[in-house]
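Read the structure below first, then the notes.
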Amino acid sequence: MRATMNLTKLLQLVLICLCASIAAVVAEAEEINNARHKCRTRFTFSRPTHENAVSILFGVGKGGSGDGEQHDRDYNSSKISFNHDNVGITQPTKSRNPFPSCVGYPKKKKKHSTFHNQIERAISNDDTTTLCSSTDLNGWRILRFQKRVGYGKTCYRRVQNAVFNWDFEVQKGKKSMGILSAAPNKSNIAGPGFTNQRRKLLATFTEVCLPNPLKSLFVVSPVHVVYEVKDARSIPRCLFSSTAYATLSGHLLAGEERVTVVWRKGMGDAVDIEIVSFSRAAPSIGGKLIWPLIGRMQKQFFLSEMDHLSRMQKQ
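Take any residue in the sequence shown, count from 1 to its spot, add 348: that is its number in my numbering.
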């Protein structure tokens, strides 16, 4: 009898907490929706594509209809608003390590050095597995993924193109995830104009599979490319390229992701990839609610991106 009463009280407590959380999210959603067509994280049953990504992010119409195209024409660098004050935290700096450091790292950090010793051993042993690292620093969750993907200049150039293009979509079991260039204009998706277009708005997305007969739900979030570094020589006997995006206002997370490809031209000719992510909860009720639940999904997303880049060296 006492066990039954305790279980009842526990269920009541869980229900109260759940209702309070839902109420907070609804209140925030109503406040955000008062700002008409604000670009932000959206939950939608429509699969995101190049043509409808802008419409989804701005919450207008269905698919890539007129209003979405108007937002794409109006969207330019003077209107960009990030949701944190550390844009550029992943900017690559000089390093004696196999990968460039980040301006966000402290100058002396034992864990950082230890991990680089690990990747050095993996590289010397020609290990093709993905090395993963997670640490907390000054309120940031820092995730690092590193992998050897091939050898030679051709491999480096293929991966470099994929890194700068950003776009990818992978299927993990029943769900998909990826990054899209938010471009309703099909002529901007590929070809000579693509590089300029991808400097604009990007949309990251993850599919959430719901029980039958419900359709899958897609979480679509706005990010923006913040820098590109091409064929830098900051690492001795190596050539590397990096690019990064940062989260925009309205995103449920705050932070930045950097992707780097390194050609060890004078060190055995190997090509290695690194993904670095700095993230924390966005300064919103929704961001704080979702933050404790997002860790596993983040890791799946970055590993999927690494798999995509690994495949690109073969094409």
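Where a beta carbon is used, it is the ideal one built from N, C-alpha and C, also for glycine.
How far does the alpha helix (DSSP H) with Arg-505 in it extend, from its first residue to its last? Reading the sequence shown from its first residue, position 157 is the one you call residue 505. Element bounds for Arg-505: 500–513.
Please report the Cβ distance between Phe-512 and His-656, rounded to the nearest whole angstrom; I am assuming they are in contact, meaning their Cβ atoms lie under 8 Å. Numbered from its first residue, the sequence shown carries residue 512 at position 164. Numbered from its first residue, the sequence shown carries residue 656 at position 308. Not really, about 14 Å apart at Cβ, beyond 8 Å.
Nearest candidate by alpha-carbon position, reference Phe-391, set Leu-600, Met-615, Val-619, Ile-428: The count along the sequence shown starts at 1 and reaches residue 391 at position 43. Phe-391 has its Cα closest to that of Leu-600, out of Leu-600, Met-615, Val-619, Ile-428.
Given a threshold of 16 other Cβ atoms within 10 Å of its Cβ, counted over all protein chains shown, does Lys-501 qualify as buried or as exposed? Stepping through the sequence shown from its first residue, residue 501 is reached at position 153. Result: exposed.
Less than 8 Å between the beta carbons of Leu-587 and Val-571, yes or no? Looking up residue 587 in the sequence shown gives position 239. Looking up residue 571 in the sequence shown gives position 223. Cβ atoms of Leu-587 and Val-571: not closer than 8 Å.
First through last residue of the alpha helix (DSSP H) which encompasses Lys-636: As a position in the sequence shown, residue 636 is number 288, starting the count at 1. It spans 633–638 - the alpha helix (DSSP H) in which Lys-636 sits, taken as one unbroken run.
Can you tell me whether Asn-400 is buried or exposed? The criterion is at least 16 other CB atoms within 10 Å of its CB, across all chains shown. Sequence index remark: in the sequence shown, residue 400 carries index 52 (1-based). That one is buried.
Leaving out five residues on either side along the sequence, give the residues of the same chain with a beta carbon under 8 Å from the beta carbon of Leu-550. Against the sequence shown, residue 550 aligns to sequence position 202. Excluding sequence neighbours, Leu-550 sits near Trp-514, Ile-527, Leu-528, Ser-529, Ala-530, Pro-570, Val-571, His-572, Val-573, Tyr-593.
So, under 8 Å CB-CB, Val-518 and Val-609 are touching, yes? Tell me the CB distance rounded to an integer number of Å. Counting from 1 along the sequence shown, the entry for residue 518 is found at position 170. Counting from 1 along the sequence shown, the entry for residue 609 is found at position 261. That belief does not hold up - the Cβ atoms of Val-518 and Val-609 are roughly 18 Å apart, past 8 Å.
Inter-residue Cα distance where the pair is Thr-441 and Pro-559: Position 93 of the sequence shown, counted from the start, is the residue given in the question as residue 441. Position 211 of the sequence shown, counted from the start, is the residue given in the question as residue 559. About 47 Å.
Which of helix, strand or coil DSSP assigns to Ser-658: Within the sequence shown, residue 658 is the residue found at index 310, counting from 1. Looking at Ser-658 - three-state DSSP - the assignment turns out to be helix.
Taking C-beta to C-beta, are Phe-626 and Thr-438 nearer than 8 Å? Translated into the one-based positions of the sequence shown, residue 626 becomes position 278. Translated into the one-based positions of the sequence shown, residue 438 becomes position 90. A contact, by the Cβ cut-off of 8 Å.
Assuming Glu-653 and Ile-623 form a contact by the criterion Cβ under 8 Å, report the distance between their Cβ atoms to the nearest whole angstrom. Start at 1 with the first residue of the sequence shown, and residue 653 comes out as number 305. Start at 1 with the first residue of the sequence shown, and residue 623 comes out as number 275. Correct: roughly 6 Å between the Cβ atoms.
Work out the CA separation of Phe-430 and Gln-646 for me, nearest whole Å. For the purposes of this step, residue 646 is taken as residue 298 along the sequence shown, with counting starting at 1. For the purposes of this step, residue 430 is taken as residue 82 along the sequence shown, with counting starting at 1. Each residue's Cα considered, the two are about 20 Å apart.
Give me the Cβ distance between Asp-620 and Pro-448, rounded to the nearest whole Å; I'm assuming they're in contact under 8 Å. Residue mapping note: residue 620 aligns to position 272 of the sequence shown, counting from 1. Residue mapping note: residue 448 aligns to position 100 of the sequence shown, counting from 1. So it is not a contact: roughly 12 Å between Cβ atoms.
Identity of the residue in Met-660, Arg-585, Arg-489 nearest Pro-642 by Cα: Within the sequence shown, numbered from 1, the residue matching residue 642 stands at position 294. In the sequence under discussion, the amino acid at residue 642 is Ile, which differs from the Pro named in the question. The candidate whose alpha carbon is nearest that of Ile-642 is Arg-489.
Own chain, CB closer than 7 Å to Trp-639, minus 5 neighbours either side, in chain order: For the purposes of this step, residue 639 is taken as residue 291 along the sequence shown, with counting starting at 1. Within the same chain, Trp-639 has close Cβ partners Ala-629.
Kindly indicate which three-state DSSP category Ala-602 falls into: helix, strand or coil? Translated into the one-based positions of the sequence shown, residue 602 becomes position 254. Strand.
Reducing DSSP to helix, strand and coil, say where Ile-490 ends up. Indexing the sequence shown from 1 puts residue 490 at position 142. Of the three classes helix, strand and coil, the one that applies to Ile-490 here is strand, per DSSP.
Sequence-distant residues of its chain with Cβ nearer than 8 Å to Gly-428 (five each side left out): Along the sequence shown, read from residue 1 onward, the residue named residue 428 stands at position 80. A small fix is needed here, since residue 428 is Ile in this sequence, not Gly. Correct list, in chain order: His-572, Leu-596.
Could you check what DSSP says for Arg-444 in three-state terms: helix, strand or coil? By 1-based counting over the sequence shown, the position of residue 444 is 96. If DSSP states are grouped into helix, strand and coil, Arg-444 belongs with coil.
Can you tell me where the alpha helix (DSSP H) holding Phe-430 begins and where it ends? The residue you call residue 430 lines up with position 82 of the sequence shown. Segment: none, Phe-430 is in no alpha helix (DSSP H) and carries neither H nor E.
By Cβ distance, which residues of its chain are closer than 8 Å to Cys-450, with the 5 residues on each side in sequence left out? Along the sequence shown, read from residue 1 onward, the residue named residue 450 stands at position 102. Cβ within range, chain order: Ile-437, Thr-438, Gln-439, Pro-440, Thr-441, Arg-606, Val-624, Phe-626.
When you compare each of Cys-387, Cys-503, Gly-614, Leu-562 to Lys-662 by their alpha carbons, which one comes out closest? For this step, residue 662 is matched to residue 314 along the sequence shown. The candidate whose alpha carbon is nearest that of Lys-662 is Cys-503.
Does the Cβ of Pro-396 have 16 or more other Cβ atoms within 10 Å, making it buried, or fewer, making it exposed? The count along the sequence shown starts at 1 and reaches residue 396 at position 48. By the 10 Å Cβ count, Pro-396 comes out buried.
Exposed or buried, Cys-309, counting other C-beta atoms within 10 Å across all chains shown (16 or more means buried)? In this structure the chain extends from 349 to 663, so residue 309 is not present and cannot be described.
Terminal residues of the alpha helix (DSSP H) in which Leu-549 lies: Numbered from its first residue, the sequence shown carries residue 549 at position 201. Segment 549–556 is the beta strand (DSSP E) holding Leu-549; no alpha helix (DSSP H) there.
Using C-beta distances below 6 Å, list every residue in its chain close to Arg-612, excluding the 5 sequence neighbours before and after it, in chain order. As a working note, residue 612 is residue 264 in the sequence shown. So the list reads Cys-586, Ala-618, once near-sequence residues are dropped.
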